[in-house]
Amino acid sequence: MEKYFESPDTLIESLKQSKYILNENLAVAVYLSLVRKKPLFLEGEAGVGKTEIAKILSQVLKKPLIRLQCYEGLDINQAAYEWNYGQQIIALQSGNKEESDLFSKKYLIERPLLKAIQGSGAGNSILLIDELDRADEAFEAFLLEVLSDWQLTIPELGTIVAKTPPIVIITSNRTREIHDALKRRCFYHWVGFPNRETELEIISMRAPEAGLDLQKQVVSFVQSLREKNLYKAPGIAETIDWAQALVELNCVALDPQTVDSTMGVLLKYQDDISRIQGSEAGKILDEIMLKNLKTET
Amino acid sequence: MQKKLEIIPKLDKNIIFFARLLRASGISIGSDSILEAIESIKLVGIKNKQSFFYALQTCLIKRPEDMKIFAQAFSLFWQNPKFRDRIRDLLLPQTRMQSAEEEKEELAKRIQDTLSTPENSKSQVVEEETLLIDTSGTASDTQLFKEKDFEMMSKDELEMASQSIKELLIKIPKRPFRRSENSSLGKQVSARESLRRAKRNFGSVIPKLVKKKDTSRPVIVLLDISGSMENYSRMMIHFVHNLMQKHKKVHAFLFGTKLTNISFQIKNKDIDVALKEISKATNDWAGGTRIRDSIFTFNKKWIRRVSSSNSIIFLITDGLDRDHSTDLFKQMERLQKSCYKLVWLNPLLRFKDFLPKSISIKRILLNVDAFLPIHSIESMQNLTSSISKNLVKEHNNTFTWQNKVESQSKELV
């Protein structure tokens, strides 16, 4: 049995080298899904690094990443396989083709799921099924066979079984509830917002150009924003974007004016922006300064 | 059996007990999850309590709502082996006793009727029989009953009304879907079907056409259960129950002073069971109304979880808010913008000379797509036609209402 990591701790360490900070809770979930060869179902707000995990894992494990972006109406033709109908019709018209010739691998177009099942060369690949909540329920039902038995049935060809099952990561933004039958086949993990220390570590890795002072201020600001009962609290992606934006603007420390003018990087709802911009942002800044002073003294 | 149990290692047994404790406290856990947990613990080990916790959590919990119960149960169960058995014994009867008491406290007046004693129900049956003979006489009596306001109904009449609500079929407008079906009237060519045809016709291609399918729209019901709606809320729950039985995607929420999701309590359940469960889940029956706060909570917490963008929202309330916050206007605006159509069902429309005088009513009215009555069986029956009518602009009499308030819109925002 192929074992990718010795323990959750080694997993955390090796992902850290690829600039991805994993908290212990998520590390255990990822570790178990790798060892138990079960899909990992990640749910959480937008911008907390769900998709990123799959990308980083593919980098660290040196396995190809196959991505299936979900949307309404997604069906087998786009997700699993399709016959090259044009070619088939030409073949049909050009000569006396038998049916077995017409439905052979020659005319089969592979889509992400079939690619993942067949694997790449010797090893398996990482399959990312992104934003599953955007697909309709009918598609979910189709995934059941793939995820539990690692096989795919093509009526004209037969069943294709994976030699080594792919590593599967499913993400959802929770715009609707995914059916229990699918959740049952996976390990579930709710990806929340990181705490102060973890977020600071992430920022120092992803936006090292920003000085330590600025990094600390950015993280404190975002952390207190998340407590403000907003429609959409900023995710880690937004924090990174903000820190990088501030660097581009040659900003060394937060001041009310820069905060106001860059608010659109953090908050994406007009109601939220108009609530925070101005006096509220100033208040948060003052609090941060006060805290910093206290810790220094 | 006894022998087999003894072979199981003690840790595995404890994990099974723990899973059963979780089950007893309302978390649904399949036995495959328990097996998974046992296997996972073998891998993670028990040296580190934190990893042990996370491993169990990963295997056993499938909904974030259950995390809290899990954490509490975990700290109780895995602290000291001596306590474990005692706690398990103590926990179960306690929760049962508590819930029984809570039930008594929380059951609203109307819902308590469903728990009436056998003797009472016997006498009810007799009364009903005589009543049936009285009313089944003429067609006009039935018509009168259908038009009768729920508020004016006696207990028996309400019983009958709930029966007739059960039989209603309310049609919800459909929406185009991205999947397609075979149809000679379609505009797109299906390559797959055309090939199949061509095979049969020795290679000559006759294009097969497909058209877009229709699919049902999700329905979200926001039901006011405050004091002013007391006489209607029970009938409205029957109405919601009907919707849920007959349509696939329905979400239901109750609000008085706070918002409660009751979809789970109603779905696939008998109406009496549902009523009991609902009264357990809510404690703001017949209290004050905080429409603004409830809509705010809905906008913030739920709107992105119930695929609202193509849904029809039924807001059932009289629109009388305790607070006069101007924010209500904004919240309603957001609600309307994040759904396909927002339909306000207001029992106050039973009065012929109803005027939108209250400021909260005005604020809501300006942000809805349709404004319809819901005070009798007949008004419920007419919903199907009036919804489809009101969603076409020309026939929408909601505009007449809105024009009446439009002039003062500046004060409202």
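Protein sequence lines, in the order shown, are assigned to chains L and P.
Position 130 of the first sequence, counting from 1, maps to 130 under my numbering, and the rest follow consecutively.
So my numbering is basically just the index in the second sequence, starting at one, shifted up by 1000.
By construction, the Cβ of each residue, glycine as well, lies at the ideal position given by its N, Cα and C atoms.
Closest to residue i by C-alpha separation, out of the options, would be which residue?
i          : options                                           : result
P:Val-1405 : P:Asn-1382, P:Leu-1366 and P:Ala-1037             : P:Leu-1366
L:Ala-141  : L:Ser-125, L:Ile-129, L:Ala-181 and L:Ile-167     : L:Ala-181
L:Glu-201  : L:Asp-130, L:Glu-43, L:Thr-239 and L:Lys-105      : L:Thr-239
L:Tyr-4    : L:Tyr-20, L:Asn-25, L:Leu-26 and L:Tyr-31         : L:Tyr-31
P:Arg-1350 : P:Gln-1336, P:Arg-1363, P:Ser-1360 and P:Pro-1373 : P:Pro-1373
P:Ile-1206 : P:Asp-1214, P:Ser-1190 and P:Met-1236             : P:Ser-1190
L:Arg-206  : L:Glu-6, L:Leu-11, L:Gln-17 and L:Ile-12          : L:Gln-17
L:Pro-256  : L:Ser-279, L:Thr-159 and L:Arg-196                : L:Ser-279
L:Thr-51   : L:Val-28, L:Ile-21, L:Ile-12 and L:Asp-130        : L:Asp-130
P:Pro-1009 : P:Ile-1041, P:Asp-1214 and P:Val-1250             : P:Ile-1041
P:Ser-1376 : P:Glu-1181, P:Ser-1180 and P:Glu-1157             : P:Glu-1157
L:Phe-139  : L:Asp-9, L:Lys-19 and L:Leu-68                    : L:Leu-68
L:Arg-36   : P:Asp-1066, P:Val-1044, P:Ile-1029 and P:Gly-1030 : P:Val-1044
P:Ala-1037 : P:Gly-1026, P:Val-1250, P:Ser-1051 and P:Trp-1401 : P:Ser-1051
L:Pro-112  : L:Leu-143, L:Glu-72 and L:Gln-87                  : L:Leu-143
P:Met-1160 : P:Met-1235, P:Arg-1363 and P:Asn-1299             : P:Met-1235
P:Leu-1035 : P:Lys-1049, P:Ala-1024 and P:Thr-1058             : P:Thr-1058
L:Ser-224  : L:Cys-251, L:Ile-203, L:Asn-195 and L:Leu-249     : L:Asn-195
P:Val-1250 : P:Lys-1389, P:Lys-1211 and P:Ser-1308             : P:Ser-1308
P:Lys-1258 : P:Lys-1267, P:Arg-1063 and P:Phe-1296             : P:Phe-1296
L:Val-60   : L:Pro-39, L:Leu-40 and L:Leu-11                   : L:Leu-11
L:Glu-145  : L:Asn-124, L:Cys-186, L:Arg-174 and L:Glu-227     : L:Cys-186
State the start and end residues of the unbroken beta strand (DSSP E) segment that holds residue i.
i          : result
P:Ile-1361 : It is not in any beta strand (DSSP E) - P:Ile-1361 instead sits in the alpha helix (DSSP H) that spans 1359–1365.
P:Phe-1239 : Counting along the chain, P:Phe-1239 falls outside any beta strand (DSSP E), though it belongs to the alpha helix (DSSP H) covering 1230–1246.
L:Gln-151  : 151–154
L:Glu-43   : 40–44
L:Ile-86   : Note that residue 86 of chain L is Gly in the sequence shown here, rather than Ile. Counting along the chain, L:Gly-86 falls outside any beta strand (DSSP E), though it belongs to the alpha helix (DSSP H) covering 85–94.
P:Val-1219 : 1219–1224
P:Asn-1346 : 1341–1346
L:Ile-57   : As written in the sequence, residue 57 of chain L is Leu, which differs from the Ile given in the question. No beta strand (DSSP E) contains L:Leu-57, which is instead part of the alpha helix (DSSP H) from 50–61.
L:Ser-172  : 167–172
P:Pro-1176 : 1174–1182
Quick one: residues in its chain with C-beta nearer than 7 Å to the C-beta of residue i, no 5 flanking neighbours on either side, listed in chain order?
i          : result
L:Gly-47   : Gly-235, Ile-236, Ala-237 and Glu-238
L:Lys-216  : Leu-200
L:Met-289  : none
P:Gln-1112 : Because P:Gln-1112 carries a pLDDT of 41, less than 50, the predicted location of this residue cannot be relied on, and no value is offered for it.
L:Val-161  : Trp-150 and Gln-151
P:Leu-1168 : Asn-1242, Met-1380 and Gln-1381
P:Pro-1118 : Residue confidence for P:Pro-1118 is low, a pLDDT of 39 falling below 50, so the modelled location carries little weight and cannot support an answer.
L:Ile-76   : Phe-142
L:Val-28   : Pro-8
P:Gln-1402 : Leu-1365 and Leu-1366
Leaving aside the five residues before and after residue i along the sequence, list all residues of the same chain whose C-beta is less than 8 Å from its C-beta, in chain order.
i          : result
L:Asp-271  : Tyr-231
L:Glu-110  : Tyr-81 and Gln-118
P:His-1324 : Ile-1359 and Ser-1360
P:Val-1306 : Pro-1218, Ile-1220 and His-1251
What are the boundary residues of the alpha helix (DSSP H) that residue i is part of?
i          : result
P:Arg-1334 : 1327–1337
P:Lys-1199 : 1191–1200
P:Thr-1464 : Any property of residue 1464 of chain P remains undetermined from this structure, which presents chain P solely from 1001 to 1413.
P:Thr-1215 : No alpha helix (DSSP H) holds P:Thr-1215; the beta strand (DSSP E) holding it covers 1209–1216.
P:Ile-1278 : 1271–1281
L:Arg-67   : Unbroken run through L:Arg-67 is the beta strand (DSSP E), 65–69; no alpha helix (DSSP H).
Return the chain-ordered list of same chain residues with a C-beta closer than 6 Å to the C-beta of residue i, the five sequence neighbours on each side being excluded.
i          : result
P:Val-1126 : Unreliable positioning characterises P:Val-1126 in this predicted model, as indicated by a pLDDT of 39, which lies under 50. The coordinate reading is nonetheless provided below. No residues qualify anywhere along the chain.
P:Trp-1278 : One point to set straight first is that residue 1278 of chain P is Ile, not Trp, in the sequence displayed. Cβ neighbours of P:Ile-1278 beyond the five flanking positions: Ile-1262 and Gln-1265.
P:Glu-1106 : Annotation note: pLDDT 38 at P:Glu-1106 (below 50); position unreliable, coordinate value reported separately. Correct list, in chain order: Ser-1279 and Asn-1283.
L:Pro-208  : none
P:Leu-1011 : none
P:Leu-1254 : Leu-1223, Ile-1225, Thr-1260, Ile-1262 and Thr-1282
L:Ala-210  : Ala-243 and Val-247
P:Glu-1151 : Asn-1231
L:Leu-266  : Pro-234, Glu-238 and Trp-242
L:Ser-58   : Leu-65 and Ile-126
P:Arg-1363 : Leu-1328, Phe-1329 and Leu-1412
Would the region 146–166 of chain L count as touching the region 103–123 of chain L if we require 3 or more Cβ pairs under 8 Å? In short, these stretches touch, since the Cβ pair count reaches three.
Counting Cβ pairs closer than 8 Å, one from the region 1219–1235 of chain P and one from the region 1309–1318 of chain P, do we hit at least three? Contact holds between the region 1219–1235 of chain P and the region 1309–1318 of chain P, because three or more Cβ pairs, one in each stretch, are under 8 Å apart.
Quick check for students: name the residue ranges of the beta strand (DSSP E) that lie wholly in the region 250–281 of chain L, counting only runs of 3 or more. Within the region 250–281 of chain L, no complete beta strand (DSSP E) run reaches 3 residues.
Per the contact definition of three or more C-beta pairs closer than 8 Å, is the region 1013–1028 of chain P in contact with the region 1066–1080 of chain P? Between the region 1066–1080 of chain P and the region 1013–1028 of chain P, the count of Cβ pairs shorter than 8 Å is three or higher; the stretches touch.
Would you mind listing the alpha helix (DSSP H) stretches within the region 109–146 of chain L that are 4+ residues and don't spill past its ends, in chain order? Counting only runs of 4 or more, we get 112–118.
Measuring CB atoms only, is the region 1236–1256 of chain P touching the region 1196–1214 of chain P, in the sense that at least three cross pairs come out at less than 8 Å? Result no; under three Cβ-Cβ pairs closer than 8 Å.
Segments assigned beta strand (DSSP E), at least 3 residues, entirely inside the region 1010–1062 of chain P: Counting only runs of 3 or more, we get nothing.
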